[in-house]
Structures are given as structure tokens and as C-alpha cells.
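Structure record follows, encoded as C-alpha cells.
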Amino acid sequence: MTADIKKETLGFQTEAKQLLHLMINSLYSNKEIFLRELISNASDAIDKLRFASLADESLLEGQGDFAIRVDVDKDANTITITDNGIGMTREEVIDHLGTIAKSGTAAFLENLTGDQKKDSQLIGQFGVGFYSAFIVADRVEVHTRKAGHDADAGVLWESHGESEFSIESLPRDTRGTSITLHLKPTATEFADDWRVRSVIKKYSDHIAVPVEMLQPATPPAPEGEETAEEAPEPQYEAVNEATALWTRPRAEITDDEYKAFYRHISHDYDDPLTWSHNKVEGKQEYTSLLYIPKRAPFDLWNREMARGLKLYVQRTFIMDEAEQFLPLYLRFVKGVVDSNDLPLNVSREILQRDSSVDAMRSALSKRVLDMLSKLAKKGGEDYATFWKEFGQVLKEGPAEDMANKEKIAKLLRFATTHTDQADQDQSLDEYVARMQEGQEKIYYVVAENFNTARKSPHLEVFRKKGIEVLLLTDRVDDWLMNQLQEFDGKPLQDVARGALDLQDDSEEGKAEQEKLEKESESLVERLTKVLGDSVSEVRPSARLTESPACLVVGDYDMGAQMRRILEAAGQPVPDSKPILEINPAHPLLQMLDSEQDEARFADLGQVILDQATLAEGGQLEDPASFVSRLNALLLQMSKA
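Using the UniProt record's numbering, the letters of the sequence shown map in sequence onto residues 1 to 640.
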């Protein structure tokens, strides 16, 4: 880049304008966080240069001592953060500071509520740290030069944080970036040396790079004493510990330091729910520091979202979002893994083929599941918070991680008929402990929502017999149960699938069932004829005590919930018809059995099928015909 390129004035991307508006109107409740964000960005820039210099040492330009410097000028009312990291080209400046080049931006903005507290958490999750500068500054200058480029490739970016920014060429002798904030009258405290030192100690003590400030000025010599003819060169001193936190012994690290490091790597504004710091020695040598967040990011369900751990090799930063170290169902975990075994030139492709990575992935997965098990055993609100935020993601686990299927199953939580509350707070272990004597299966019902589930006609015989049933309403539940299949040696049984084994096996009970089937033969035959291809079979029910009829899925057919998901996604759905089970003892079925008018019988039969479809939360193929039949029947009743 040459210096003959003139100054340009450009407009911010629309999304960036919206974020700037939020920042300038003090969306963050804690203004000092801007310094943490800018120092964190500077640390990342140094990490990137460290990694790039492994392949091209000339990028260091003969100067390999990395540092971040923070300078304050009380008279000018400015604060400047300077790093000697990777720097930026003109194009990168425009891309990074004029736009938000991050997937999910639209979804992020749609999630903004206008509630400052909630929105500040969301912005933290989105990770737009640079824009936080405008919380305290009414003008921001960024002077930068990419490592390895000539001095005249320097670039100056400037903005008042409104609708535009300017960019021009400005030579810079050193690589890296300087950000100068011209502070607002309400933020003059951040031009004070001791105030800034306290913020750095509070938020950036764990940064592995020295964060330096000028040593306090030496007081003037008393009158009459001799002074040096020339003032000494200004001396900088490290304000932070400048030691990678995960390399320190656990006993020396406070909870507050662990929490501060979490906020640094995650850009979250909440504390984590829990964490685990572990050093492995032996056949493999690596250190991991893993965190469970308190809140789900807005783009958790975007499978293209950046995810994974920060990877270091021998304390050297290699990459962000190394997704190879944890399975997809644990994508909410934040943290760092530092390996002594992997090569410094490791790439994502190498990680996918390295057997040692597979072993680390297995061990780290178990460690996360152990963290969650400990959190669950503690009781209280923490695990309930985790489940509310990440429970549906964890439900992906049994299909993805067969080796840990039982561990994951113990962490699952469900609503059940035991409490009849919508809260998913009952474990499978608790269900098994409450099972009736002789009960061999774990029963569940899948429905579109909680009310549909708890009022399902399929539960009638279970309520009568006092048998607990899991009430499943998440979109992933039908698929989950097909993958899980059993727990603690007990099969999982969908109460709306196939024939139930709850009949009375006594001689009297068998005789009663045979009598019921015999007496309903004619009704079953007539209904089978009038319903035709709408159902695969009509049969008397052993599961109904109050309702006239219900729909049952065949043993090997796809469940209604899974069918709806595939249909909504435009996927082909296997052709299958439900089974209609009827309750011959119900007055409506007895009336139907005695109906001599075949046309009226056909209308009533279709109404019963449609009611059964609605009761399970299904959609009618022809709602208008249902309404027409029902109205005609009501009119006939009124004339009777």
C-alpha cells in the first residue's frame, strides 16, 4: 500500500450503525469494560503474529518482545492502547472496523429487546469489543500497519461513532496498532494513570502479554539539590502478572481470576456456572481449562457458528475455535487447551487426522460430562439454569457420542406426570427409583407442547394404574428416544406406539378383553370400511378409559413429531397410516355402534378420527370438511 491513496470517507454498514447507537447510548452498564475489550483485542493480535511468525520469522521485523502499552494524557483527555501484533492492511481496516463480518448478525439484532441489561449480555455474547470504545470516547483514531509491510503502508482510521468513518494512508515505522480514544467529558477518569492501572489489574491480570504503562514520574528534586542535565528516557513497567493463567498451579489461582479469564476468552458479561482446570501428564501432556457458560449465545442453533476451544501448543497460540477437541453437542463449552505434543505448525487438517487429538477429544468430553454431573449433584439453581439454556443441545449427545451415552442419559431432565409441571427437572434415575413393582419399561409420550402431552388420551390407562410417564415436548425428543432406546437396562416405550403390555393378565382380565374384542367386532369392521385408507387399522383399545378414540403409531413407523419436523424442512417422509384405537365402552362409540343410517355413521366415524388427530396435536388434512360434518351433526341433534 502506498501513501498516494487519498483520504476516503465511508459509511458504516447498517448493522454496525445500530451497534454504535447502542454503545454510544451507554448500553454497557459498566463503562470500564471498554479497556478490557481493547486490551483483549490487542492480545489476540499479538497471538496471531506469534503464530504467523512460525512460518515467516521476517514478520517480527527483528523485534520479538511482545507487549501492550497503555498511555494516558490528562491534558489532552486521551487514552491510547498500542500493541506490536499482526496489524492490519487498509482493506482489513475497512472490513473489520466498518462492518461486522460475522455470521448471524441479523439474528443478533432481531434478539435485541430494548432492555439494557438483557441487551448488554447479548452484545457480550456477540463479541463486538472494538465498538465498546464509543462508550467513553466521542472520537476514536486507529493507526495501524500490517507486519511485514513497508512503513508507508500505515493506515489511519477515524470516526466520531456516528454514520461515517474516514480512512487515509499515514506512514508508521512499527508494526501493530495504536487506538487513541478522545474521551467524553463524562469519562475523564480514564485519563488518570492510577484509575487505569486499577482497571488493568482488575480485568487483564491474566493476559499472557505484559500490559505496560509509564512508570510514575519521579518527584522533582528539592530546591537546592542538583538534577541531571537531561531527563531520562521514559520507562515502562508491566501492570499485570503477564502469565498465562492456565499454566499456573490451581492452588495459586483465585475464583475471581478464573472468572476474569473466562470473560476474556468468551467476551461474556456473566460469570461461568462452573469450570475445570486440569493438567495431564504421561503418554500425553496437555493442560485444559474448560468453562460452562451461564447463558446460551444467540446463534447456538446455527450449525455454522464458530465454536471450539482456544488451542495453544507449548504456550504458543495456534487458533481460535478449534472444534476438533469436543463433539458438536458440547459446542457451548468455552476454554483453552494447551498441548506439549502437537507440532507448532499444526493445521485444522492435521487435527482431523491426528490420533492424539482423538484421545484428547475423548478425555475432554468425559471431563465436561463430569463437570455437569457434579453440577447436577449439587442441586440448587445452577444445573436448572444450565438445563434451561443448553438442555436441548445436550439431547443431541446420545446419537453423537455412543461411548458416553449412559453418562449423558443421567444428565437429561424431563417433565413427567409425577409433578404435572412444565419444568423439565426430573432425571431418569429419579423416574427409575419411583417405578412400580414389576414395571419393566420407562414410558414416555411425545407431543407438540406440554398441555397436549399431559392431556394426551394415551395417558389414561397410566393414570388409572398410577404409572409415571415422561412428557416430551422438545423438537429433538422423538429422535433422542430412538437413539437412547434404554436406560439402566430398562427399555424406553412410546405410549403412542404399537400395542401396550398393560393388560390384566389374570384369567378374569383375559376373559374381559376377549369379550370386549368380540362385542366390538362389528363396529371395528364398519369403521374400517368407512375410514378406508385414512388408517392402517381399527382396533379396540387397552389404553383408553375416558376418551372415545386415539391414534397409535405402528411399531416401525415414524412418529408424528419427527414427521412434522421433516415435512417442515421439505424432506421426504415415508408413507404410513396411523392405527385408530377405539374405546367400545365410551357412550359415543356405543351410539355409533347402534347407528343404522350408514351416511350418518360415516360422518360420525370421520369426526371421531379427526378428533383423535386433534387430540394428539396433529393437523387435519381437510379442516373445512370436519367443521361441516360437525355442524350438520349438531343441527341433527338439535332437531331430535
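Here a beta-carbon is modelled for each residue, glycine too, at the ideal position from N, C-alpha and C. Values in this document were obtained by computation on a predicted structure and should not be read as measured data.
Integer Cβ distance of residue i from residue j, believed to fall under 8 angstroms
i           : j      : result
Gln485      : Ile467 : The pair is not a contact, with the Cβ atoms about 20 angstroms apart (cut-off 8 angstroms).
Glu581      : Ala560 : Wrong, their Cβ atoms sit about 15 angstroms apart, outside the cutoff.
Ala147      : Leu181 : At roughly 24 angstroms, the Cβ-Cβ gap does not stay under 8 angstroms, so Ala147 and Leu181 are not in contact.
Phe332      : Val393 : 6 angstroms
Lys441      : Lys405 : About 18 angstroms; that fails the 8 angstroms criterion.
Leu273      : Leu375 : 7 angstroms
residue 655 : Ser166 : Since the displayed the chain opens at 1 and closes at 640, residue 655 lies outside it and no answer follows.
Buried versus exposed, by CB contacts within 10 Å (16 or more), residue i
i           : result
Ser576      : exposed
Met481      : buried
Gln324      : buried
Gln571      : exposed
Thr82       : buried
Gly11       : exposed
Ala403      : exposed
Arg629      : buried
Tyr258      : buried
Gln314      : exposed
Glu512      : exposed
Asn84       : buried
Trp194      : exposed
residue 662 : Summary: the structure shown does not reach residue 662, with the chain confined to residues 1 through 640, and so no result is reported for it.
Gln636      : exposed
Gly380      : exposed
Gln424      : buried
Ile39       : buried
Gln606      : buried
Thr254      : exposed
Ala624      : exposed
Met591      : exposed
Asn41       : buried
Gln125      : Because Gln125 sits at a pLDDT of 47, beneath the cut-off of 50, its placement in the model cannot be relied upon, and the following sentence gives the value as read from the coordinates. By the neighbour-count rule (16 or more Cβ atoms within 10 Å), Gln125 is buried.
Pro216      : exposed
Arg175      : buried
Beta carbon proximity, residue i to chain D, threshold 8 angstroms
i      : result
Ser547 : Chain labels in this structure do not include chain D; a single protein chain is all it has.
The alpha helix (DSSP H) enclosing residue i, as first and last residue numbers
i      : result
Arg36  : Ile33 to Ala55
Met435 : No alpha helix (DSSP H) contains Met435, which DSSP labels as neither H nor E.
Gly532 : That residue, Gly532, is in no alpha helix (DSSP H); it is neither H nor E in DSSP.
Val346 : Where Val346 is concerned, there is no enclosing alpha helix (DSSP H), given that its DSSP letter is neither H nor E.
Pro398 : Gly397 to Glu400
Arg600 : Glu598 to Ala615
Arg463 : Glu460 to Lys465
Continuous beta strand (DSSP E) stretch holding residue i: start and end
i      : result
Asp138 : Ala137 to Arg145
Ser166 : Glu164 to Ser169
Met88  : Unbroken run through Met88: none, as it is neither H nor E.
Met213 : Val211 to Leu214
Gly391 : No beta strand (DSSP E) contains Gly391, which is instead part of the alpha helix (DSSP H) from Glu381 to Leu394.
Tyr236 : Tyr236 to Ala238
Bridge partners - residue i, DSSP secondary structure assignment
i      : result
Thr416 : Leu470
Val280 : Tyr286
His182 : Thr78 and Arg139
Lys310 : Val336
Glu581 : Arg539 and Cys550
Glu8   : Ile167
Chain-order list of residues whose beta-carbon lies under 6 angstroms from that of residue i (same chain, five-residue window excluded)
i      : result
Ala208 : Ala244
Gly335 : Leu289, Leu290, Tyr291 and Leu309
Leu35  : Val199
Glu396 : Tyr329
Glu546 : Glu460
Ser43  : Ile207 and Val209
Phe626 : Asp610 and Leu620
Ala632 : none
Tyr262 : Pro272 and Tyr291
Ile408 : Gly397 and Pro398
Contacting residues, own chain, Cβ-Cβ under 8 angstroms from residue i (five flanking each side not counted)
i           : result
Ala101      : Since pLDDT at Ala101 reaches only 41, below the 50 mark, its modelled position is unreliable, and no value is offered.
Leu459      : Thr417, Val445, Val469 and Val495
residue 642 : Summary: the structure shown does not reach residue 642, with the chain confined to residues 1 through 640, and so no result is reported for it.
Ala573      : One detail in the question is off: residue 573 reads as Val in this sequence, not Ala. Excluding sequence neighbours, Val573 sits near Met558, Arg563, Leu566 and Glu567.
Pro584      : Leu516, Glu519, Ser520, Leu523, Pro540, Gln590 and Asp593
Same chain, Cβ closer than 7 angstroms to residue i, five either side skipped, listed in chain order
i           : result
Lys184      : Val136, Ala137 and Asp138
Gly127      : Only weak support exists for where Gly127 lies, its pLDDT of 46 falling under 50; the coordinates are left without a value.
Arg539      : Val524, Ile579 and Glu581
residue 645 : No answer is possible for residue 645: it lies beyond the span of the chain, which begins at 1 and ends at 640.
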